[in-house]
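What follows is a set of notes on a single structure, which appears directly below.
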């Protein structure tokens with residue numbers, strides 16, 4: 001089943017289509033790791049009604065960049 005990685009700040013413009021959910025999970029994990037390596041702060045959220053965690057990304061000045069998650 002295809003899945004998308006989306007930035008909830010702008011879900012129509014900022015999305016990455018993946019062939020499978022597993023591909024999306026790997027791609028999102030790699031994206032989050034790249035943000036961490038660049039010194040960005042990551043806040044992981046697990047919402048009760050969501051299938052996948054959300055990752056809020058904050059820059060060096062603690063300004064919110066966006067929140068990334070997977071949707072089917």
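Numbering (UniProt numbering), first residue to last: 1 to 72. All C-beta atoms, glycine included, are put in the ideal place defined by N, C-alpha and C.
Item to check | Whether residue 41 touches residue 62 by CB criterion (8 Å) | outcome: yes
Item to check | Spatially closest choice to residue 35 from 72, 24, 17 and 66, by CA coordinates | outcome: 66
Checklist entry - With a cut-off of 8 Å, does the C-beta of residue 53 fall near any C-beta of chain C? => result Here chain C cannot be found, since the structure has a single protein chain.
Checklist entry - Between residue 39 and residue 7, what straight-line distance do the alpha-carbon atoms span, to the nearest angstrom? => result 19 Å
Next on the checklist: Here's the rule I'm using: 16 or more other beta-carbon atoms within 10 Å means buried, otherwise exposed. How should residue 28 be labelled?
Outcome noted: buried
Checklist entry - Which residue from 51, 1, 32 and 15 puts its Cα closest to that of residue 74? => result Beyond the ends of the chain as shown, which are 1 and 72, falls residue 74; an answer cannot be given.
Checklist entry - Looking at the unbroken alpha helix (DSSP H) that takes in residue 22, where does it start and where does it end? => result 21-37
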